[in-house]
Amino acid sequence: MKTYHSFNRFFAYAIVFSMLFLYSCKDKESVEPSMADEVTGNYNVSSISQGGLVVTLPMEGLSGEYSVSKINDSKVKVSYVLKSKGYPDEVGSEDATLTKASNGGIDFHTTEKVGNFANNTITFEFTDENGDITIVAKKK
554 MKTYHSFNRF FAYAIVFSML FLYSCKDKES VEPSMADEVT GNYNVSSISQ GGLVVTLPME
614 GLSGEYSVSK INDSKVKVSY VLKSKGYPDE VGSEDATLTK ASNGGIDFHT TEKVGNFANN
674 TITFEFTDEN GDITIVAKKK
């Protein structure tokens with residue numbers, strides 16, 4: 554009888570340790586992508602607004618595209634091309650630091666906040682010599 558109890562105890566311990574081992578080896582919850590991974594990609598400009606005038610793009614002779622590439626988990630390079638028929642392309646790029654926004658999105662900062670990413674859309678807001686400009690670009 555003593556051997557039978559020892560075998561049962563051994564078997565019970567083996568099952569418990571096997572279950573613990575299998576549980577500890579199971580896939581952990583998916584790791585949330587970094588902010589840079591979330592925003593990286595190509596975007597088509599869908600609208601530009603300035604001084605109350607909103608232009609929906611693309612339209613004949615006018616289009617725009619942004620490309621966001623990862624530098625590290627919280628920093629990206631934002632490149633853009635704005636094309637207007639009869640004028641040279643406006644091309645540029647700038648590095649932006651990313652922070653979590655209070656609305657759950659991701660804010661873009663250069664020397665100040667310049668944009669927000671939410672629902673696969675980036676909204677850039679800035680001021681130039683002609684006034685306030687808002688550019689909305691949707692992920693391809």
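Each residue of the sequence shown is one higher than the last, beginning at 554 in the working numbering.
For each residue, glycine too, the CB sits at the ideal point set by N, CA and C.
The structure displayed is predicted, hence computed values, not measured ones.
Valine 629 counts as buried, since at least 16 other C-beta atoms from the protein chains shown sit within 10 angstroms of its C-beta. When DSSP assignments are scanned along the region 594-646, the uninterrupted stretches of beta strand (DSSP E) that are 3 or more residues long and fall wholly within it turn out to be 594-603, 606-609, 615-625, 628-637.
Serine 622 is positioned such that its CB atom lies no closer than 8 Å to that of leucine 651.
Going by DSSP, valine 584 is part of no beta strand (DSSP E) at all; its letter is neither H nor E.
About 5 Å separates the beta carbons of serine 637 and leucine 615, which is inside the 8 Å limit, making them a contact pair. Residue range 666-671 is occupied by the beta strand (DSSP E) that includes glycine 668.
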